Each structure stands twice: as C-alpha cells, then as structure tokens.
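Trainee: Starting off with a structure, shown below.
2 protein chains.
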Amino acid sequence: MADEHGPNSCVTCPRRQLTEWRNLELEHLELVNRHKHDRMLKPGEILFNQGDESEGIYCIKEGLVGERRLDAEGHSILVRLSHPGTTVGYQELLSKRPFRNSAEVLQDSHVCFINKSIVQQLIENSPSVGQRFLRRSLKDAQDLEDSFIEVQTIGVKARLLHVLMIFYERYGHLDPEVGHVFDIPVARRDLAALVGAAPETISRTTRQLEEDGLVQFRGVRQAIIPNLDLVFEEIGTDI
Amino acid sequence: MADEHGPNSCVTCPRRQLTEWRNLELEHLELVNRHKHDRMLKPGEILFNQGDESEGIYCIKEGLVGERRLDAEGHSILVRLSHPGTTVGYQELLSKRPFRNSAEVLQDSHVCFINKSIVQQLIENSPSVGQRFLRRSLKDAQDLEDSFIEVQTIGVKARLLHVLMIFYERYGHLDPEVGHVFDIPVARRDLAALVGAAPETISRTTRQLEEDGLVQFRGVRQAIIPNLDLVFEEIGTDI
DNA sequence: GCAACATCTTGATCAACATCAATGATGCGT
DNA sequence: ACGCATCATTGATGTTGATCAAGATGTTGC
Chain A
337 MADEHGPNSC VTCPRRQLTE WRNLELEHLE LVNRHKHDRM LKPGEILFNQ GDESEGIYCI
397 KEGLVGERRL DAEGHSILVR LSHPGTTVGY QELLSKRPFR NSAEVLQDSH VCFINKSIVQ
457 QLIENSPSVG QRFLRRSLKD AQDLEDSFIE VQTIGVKARL LHVLMIFYER YGHLDPEVGH
517 VFDIPVARRD LAALVGAAPE TISRTTRQLE EDGLVQFRGV RQAIIPNLDL VFEEIGTDI
Chain B
337 MADEHGPNSC VTCPRRQLTE WRNLELEHLE LVNRHKHDRM LKPGEILFNQ GDESEGIYCI
397 KEGLVGERRL DAEGHSILVR LSHPGTTVGY QELLSKRPFR NSAEVLQDSH VCFINKSIVQ
457 QLIENSPSVG QRFLRRSLKD AQDLEDSFIE VQTIGVKARL LHVLMIFYER YGHLDPEVGH
517 VFDIPVARRD LAALVGAAPE TISRTTRQLE EDGLVQFRGV RQAIIPNLDL VFEEIGTDI
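Below, the structure is given as structure tokens:
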C-alpha cells in the first residue's frame with residue numbers, strides 16, 4: 337500500500353494542498369499514506385448510502401462525485417458536487433451521525449479512503465486539522481445558505497446559468513473562434529437534479545438560452561458561451 | 337459592568353449551558369463577564385446589518401432575534417430564528433467576512449455583546465470553545481441542508497405547519513379545554529418571510545388549515561392545535 | 001448493423017404560488 | 001377617542017414550473 341513517495345503517495349499528492357491535510361507534518365502524512373485505500377471508480381458507483389454509518393473520509397484525487405438525497409416522493413436532489421481536492425463525508429464523521437446523502441461517482445474518479453480512527457488521530461495530534469475542518473464547515477454552511485436563498489428567490493433560468501458557470505470555471509477554456517467552450521460533466525437528469533427542476537424544464541430552458549444567444553449547446557455534454565458579459569448581466573454581475 | 341455574580345453575571349447565567357461557553361473555566365468566564373455589554377432591545381432594533389464587518393458575537397439571553405437577508409429584488413427572507421441560549425454572528429466572526437444577513441430583534445430581548453478580541457482569547461486558551469463552535473457549525477450546515485431540501489420538495493402548507501410546530505415546541509402549552517395553545521412570536525409578514533412565501537399566500541394557507549381542522553387561529557398572534565396527530569400525519573410523522 | 005433500451009426533447013395541460021388591486025382590521029400618536 | 005398609518009385579508013389574474021404522454025435521438029449488446 338505504501339509506495340515510497342511514488343505517484344500515488346499522499347506526500348506528493350498535488351491535490352492535498354486543497355484539502356484539510358494541507359499543513360500536515362511528514363510524520364502524520366506518512367501515517368495517512370500507509371493506511372489509505374485507493375480506489376478507481378466508474379460513474380454510477382457508490383461511495384456511501386443515505387443512512388449508512390460513517391466509517392471514514394473520502395479524498396477526491398481525480399474525477400467528480402455528487403451527493404444526492406432522495407426525498408419522500410422519490411425525487412433525487414443533487415445537494416453538492418465534489419471536485420478533486422475535496423474531502424467528502426467529513427460532516428457525518430465529525431458529528432457521528434449517519435449519512436444523510438448518498439455519494440455517487442459521476443465521472444471516472446480516483447478516490448482515497450481514510451479510516452475514521454486515522455482521522456481521529458490526526459485531529460488529536462495536529463491542531464491545524466481541526467481548524468481546517470472548522471473553516472471548511474463554515475464555508476459549506478455559507479454556501480448552503482446562499483443556495484437556499486437562491487432557490488427561494490431566483491428562477492430556473494438564472495439557477496441553470498449559475499450551475500453552467502460553475503462548470504465553465506472548472507472545465508472551460510477559451511476558443512478564439514467560437515467563444516468559451518466547456519464540458520457539462522453530468523447527464524441532463526442530473527443537471528436537472530442540481531438545478532432543482534424537472535428534466536423537461538431543463539430542456540426548455542436550454543432552448544430558451546440558445547434563443548437568447550446566451551449559451552449554445554453542442555450535443556448534450558458540451559456548451560459554448562459566446563459572450564460572458566451577457567451571462568453576467570443576466571445573473572447580476574456577481575457569480 | 338461587573339456585578340459580583342449578580343443576576344446579570346455570565347457566571348450564573350442559566351442560558352450559558354446552551355452556548356459555546358458551556359465548559360468555560362471560572363477564570364475565563366469572569367473575563368467575559370467583565371467585558372460583555374448588556375443591552376435590552378425592542379422589536380425592530382438591529383444587531384447588525386448585511387455588509388457590516390463583524391465586531392464580535394451576540395449572546396441571546398432573553399427574547400427572539402431573526403436573521404434576515406435582502407435579495408436583489410428587495411424581498412426579505414428570514415434565514416433563521418435565534419432563541420435564548422444562542423450565539424448570533426459566530427460564522428462571520430470566525431470566517432472574518434462581512435455579515436451576509438441582518439439581525440433584527442423580533443421580541444423584547446436581552447442581548448450580551450462580546451468583543452471579537454475576547455472571543456479570540458477564549459478560543460486560543462480554551463480548546464473546548466473551538467470544538468463547540470465546530471459542532472455548532474456542523475449542526476447549522478446540516479439544518480440548512482434540510483431546509484434546502486424542504487424548500488425544493490414540499491409545499492407551502494407543509495412548510496408553514498413545520499414552522500408552526502417550531503413555535504409550538506417553544507411557546508406552547510396544553511390547555512385541556514381546547515388543545516395545544518401557542519403564541520406566534522412574529523408578524524404575518526415575517527411568518528411569510530420565514531416560510532418563503534408571499535403574505536397573501538400565508539393568509540390563504542392559514543384559512544385552509546382552519547378548514548382542514550388542523551390549526552385554529554386566535555387573532556394573528558396565537559394559535560391552537562386541537563389534535564397533534566393530525567398535524568404529524570400531514571407533515572409525515574417526523575418533525 | 002440492427003434490435004432493444006435508455007435518454008432527451010416537445011407539446012398540452014394542470015397546480016401552485018406570486019402579483020396587483022381593493023377592502024377590512026389593528027394599532028399608535030396626539 | 002379620533003384619525004392616520006401600517007398590517008392583514010380577500011378576490012381576480014398572470015406566471016412559472018411540474019406532470020403526463022408521445023415522439024426523437026442516442027447507446028449498447030449481439
């Protein structure tokens with residue numbers, strides 16, 4: 337399991353700088369590295385299910401993971417997306433409660449699992465870790481509060497644009513010929529679940545965005561924004 | 337400012353057991369007590385405004401405080417209510433960001449203000465305080481996530497019932513003659529802002545609840561639930 | 001390459017809620 | 001107690017998005 341600081345080692349993992357393990361001393365880092373479990377996962381595979389007890393924490397090294405909740409009527413809502421450099425499942429681990437969401441792999445992913453006993457040791461021995469988790473929790477709470485306001489306030493069109501902008505930030509690049517090109521890493525139904533709307537509504541809204549000249553869609557997995565300013569105007573300058 | 341463990345002292349404050357200062361040593365407690373500022377506030381008074389920089393933390397000793405956010409179109413949404421035993425404004429203090437909501441007193445309240453330099457000292461010298469704030473933040477994030485799901489999923493009627501049940505838990509008592517009587521501590525417009533609906537919709541929904549026999553309203557500030565089971569049935573047993 | 005299946009789109013209809021306008025209640029100051 | 005201002009209710013109408021049903025477009029396995 338321990339490759340001596342090879343390409344799979346936590347010590348040299350470039351994503352670690354984004355995580356709560358950022359300031360970890362070498363000693364603790366090697367502890368993590370010795371005990372971590374690497375997994376390569378395909379879309380549709382499950383990290384954990386709603387209702388499960390937490391066994392540890394999941395580090396996303398590559399790929400994309402979504403946290404999904406099923407409501408009483410069986411609708412699934414995508415509560416959040418986790419990109420590389422994110423630890424998934426820390427809330428339930430720290431609060432010792434069962435998972436309230438399921439975590440599902442949305443793209444080919446490389447995920448490391450760290451057992452709760454190891455995390456416990458890190459928190460006890462490295463004060464920075466606790467602080468990082470506090471900051472992370474504060475940020476998550478604030479993001480959620482914003483989404484909460486957004487859902488009550490603005491319509492599907494603006495919310496869809498917002499989600500598309502998130503994809504653009506992460507997967508986009510500028511093609512001087514056509515504009516800002518980016519991938520949509522999820523299926524339409526998941527895009528719908530992310531926006532909090534029915535798939536049919538997403539279809540109609542994307543068509544409307546094309547008619548407005550805000551976004552062009554190339555098939556179902558790619559899109560182009562010819563003019564970013566028009567989009568900012570629509571959603572109110574602040575992203 | 338310092339009364340020797342009189343009725344206004346933090347040392348003997350009964351609400352403290354509910355706050356992050358719960359396990360504070362006497363020494364630190366007296367530090368807080370020496371530097372806290374007591375204020376008696378009337379409905380409508382403001383603790384802080386959206387956009388202000390955080391100067392410290394607010395302890396609710398008595399009364400009721402609401403956090404309100406104004407969206408782009410000027411709608412105000414009541415993001416959360418804070419009851420006695422709650423510290424308000426900790427997120428912005430710890431993340432060193434400007435307040436994203438305004439805090440407004442909704443009922444006659446007794447609020448203590450603690451300057452950020454004191455809070456800083458406490459966190460540095462008393463490890464339990466940081467942990468308490470972490471727990472608090474985790475809980476807030478989880479509550480928000482639930483509200484988020486709720487807003488997308490269930491209708492105004494169920495959401496209103498949910499809010500009424502919160503009031504019942506806090507202000508209610510059983511009158512064997514008529515049923516479970518409780519006060520509604522906010523005006524209709526604020527009840528609307530809390531549910532995330534227009535005041536007109538709240539009017540119509542309350543009328544519907546009366547027609548269904550779920551809740552009777554006595555004026556605008558009091559209500560009666562003749563049969564709790566009927567309400568639980570409507571919102572799905574879990575509260 | 002084609003069948004079988006899942007996914008996406010389109011159209012028609014419906015329910016929920018917002019908005020606007022008017023009226024009725026309540027409270028507050030002098 | 002009166003008048004004014006704020007707040008709450010009611011009705012009429014408009015908008016948004018969900019749902020249902022059907023067709024179109026992929027996608028996978030053989």
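Here the protein sequences line up with chains A and B, keeping their order.
Position in the first sequence (from 1) plus 336 gives the number in the numbering used here.
Position in the second sequence (from 1) plus 336 gives the number in the numbering used here.
Note that the Cβ used here is the ideal one computed from N, Cα and C, for glycine as well.
These figures come from a predicted structure and were not determined experimentally.
Nearest chain B C-beta to threonine 355 of chain A closer than 8 angstroms, yes or no?
Mentor: Threonine 355 of chain A does not count as touching chain B.
Trainee: If you draw a straight line from the alpha carbon of leucine 414 of chain B to that of proline 343 of chain A, how long is it in whole angstroms?
Mentor: If you draw a straight line from the Cα of leucine 414 of chain B to the Cα of proline 343 of chain A, it is about 49 angstroms long.
Trainee: How many Å lie between aspartate 574 of chain B and serine 418 of chain A at the Cα?
Mentor: At aspartate 574 of chain B, the pLDDT of 48 sits below 50, so the modelled position is not reliable; the number obtained from the coordinates is stated separately. Distance between the alpha carbons of aspartate 574 of chain B and serine 418 of chain A: 29 angstroms.
Trainee: Residues in the same chain with beta-carbon distance under 7 angstroms from threonine 542 of chain B, minus the five sequence neighbours each way, listed in chain order, please.
Mentor: Phe553
Trainee: Show which residues of chain B have a CB atom less than 8 angstroms away from the CB atom of serine 431 of chain A.
Mentor: For serine 431 of chain A, the chain B residues whose Cβ falls inside 8 angstroms of its Cβ are Arg471, Leu474, Lys475, Gln478, in order along the chain.
Trainee: Any idea if glutamine 427 of chain B is buried or exposed, counting beta-carbon neighbours within 10 angstroms, 16 or more meaning buried?
Mentor: With 16 or more Cβ atoms within 10 Å of its Cβ, glutamine 427 of chain B is classed as buried.
Trainee: Please state if the CB of lysine 397 of chain A and the CB of arginine 433 of chain A are separated by a distance shorter than 8 angstroms.
Mentor: no
Trainee: Along the chain, where does the alpha helix (DSSP H) that runs through isoleucine 485 of chain A open and close?
Mentor: 463-489
Trainee: Per DSSP, what kind of secondary structure is alanine 559 of chain A in: helix, strand or coil?
Mentor: strand
Trainee: Give the interface partners of alanine 439 of chain B over in chain A, defined as CB-CB distance under 7 angstroms, in chain order.
Mentor: Here the premise fails: no neighbours, minimum Cβ distance about 14 angstroms.
Trainee: Quick one: which residues of the region 411-423 of chain B get their C-beta closer than 7 angstroms to a C-beta of chain A? List them in chain order.
Mentor: His411, Ile413, Val415
Trainee: Restricting to runs no shorter than 3 residues, where is the beta strand (DSSP E) found entirely within the region 382-416 of chain A?
Mentor: Taking only runs of at least 3 residues, the beta strand (DSSP E) segments lying wholly in the region 382-416 of chain A are 382-384, 392-406.
Trainee: So for leucine 360 of chain B, helix, strand or coil by DSSP?
Mentor: coil
Trainee: Among A:Leu377, A:Leu470, A:Arg506, whose alpha-carbon lies nearest the alpha-carbon of phenylalanine 449 of chain A?
Mentor: A:Leu377
Trainee: Of all the CB atoms in chain B, is at least one closer than 8 angstroms to the CB of isoleucine 396 of chain A?
Mentor: Not a single C-beta of chain B is nearer than 8 angstroms to the C-beta of isoleucine 396 of chain A.
Trainee: Under 8 angstroms Cβ-Cβ, which residues of chain B neighbour valine 487 of chain A?
Mentor: Phe484, Val487, Gln488
Trainee: Return the bridge partner residues of methionine 376 of chain B from the DSSP annotation.
Mentor: B:His446
Trainee: Which residues in chain B have a C-beta closer than 8 angstroms to the C-beta of glutamine 427 of chain A? List them in chain order.
Mentor: Leu474, Ala477, Gln478
Trainee: Which of the three DSSP states, helix, strand or coil, is assigned to aspartate 565 of chain B?
Mentor: helix
Trainee: On the DSSP letters alone, give me the boundaries of the beta strand (DSSP E) that leucine 496 of chain B sits inside.
Mentor: From DSSP, leucine 496 of chain B is part of no beta strand (DSSP E) but of the alpha helix (DSSP H) over 492-507.
Trainee: With a 10 Å radius around its C-beta and 16 neighbouring C-beta atoms as the bar for buried, classify glutamine 496 of chain A as buried or exposed.
Mentor: In the sequence as displayed, the identity of residue 496 of chain A is leucine instead of glutamine. So leucine 496 of chain A counts as buried.
Trainee: At 7 angstroms on the CB atoms, spell out the chain B contacts of aspartate 407 of chain A, in chain order.
Mentor: Within chain B, the C-beta atoms nearer than 7 angstroms to that of aspartate 407 of chain A come from Ile485, Thr489, in chain order.
Trainee: Would you mind telling me which residues of chain B sit closer than 9 angstroms to arginine 524 of chain A, beta carbon to beta carbon, in chain order?
Mentor: None at all; the shortest Cβ gap to chain B is about 18 angstroms.
Trainee: Just checking: is the beta-carbon of arginine 436 of chain A within a distance shorter than 8 angstroms of some beta-carbon in chain B?
Mentor: yes
Trainee: Answer with buried or exposed for arginine 358 of chain B, where buried requires no fewer than 16 other C-beta atoms within 10 angstroms of its C-beta.
Mentor: exposed
Trainee: Quick one: what's serine 438 of chain B bridged to in DSSP?
Mentor: In DSSP, serine 438 of chain B forms a bridge with B:Arg404.
Trainee: Return the first residue and the last residue of the beta strand (DSSP E) that valine 551 of chain B is part of.
Mentor: Per DSSP, valine 551 of chain B lies in no beta strand (DSSP E) and is assigned neither H nor E.
Trainee: For serine 539 of chain A, name the three-state secondary structure that DSSP assigns.
Mentor: helix
Trainee: Since glycine 399 of chain B and serine 445 of chain B should fall inside the 8 angstroms C-beta cutoff, what is the C-beta to C-beta distance between them, to a whole number of angstroms?
Mentor: 3 angstroms
Trainee: Using a Cβ cut-off of 9 angstroms, pull out every chain B residue sitting near glycine 555 of chain A, in sequence order please.
Mentor: Chain B residues near glycine 555 of chain A: none, gap ~28 angstroms exceeds 9 angstroms.
Trainee: Tell me whether serine 539 of chain B is buried or exposed, calling it buried when 16 or more other Cβ atoms sit within 10 Å of its Cβ.
Mentor: exposed
Trainee: Please look up how many angstroms separate the CB atoms of phenylalanine 484 of chain A and phenylalanine 484 of chain B, rounded, as I've assumed it's under 8 angstroms.
Mentor: 5 angstroms
Trainee: Have a look at glycine 421 of chain A and leucine 354 of chain A and give me their C-alpha separation to the nearest angstrom.
Mentor: Going by the C-alpha atoms only, they are around 5 angstroms apart.
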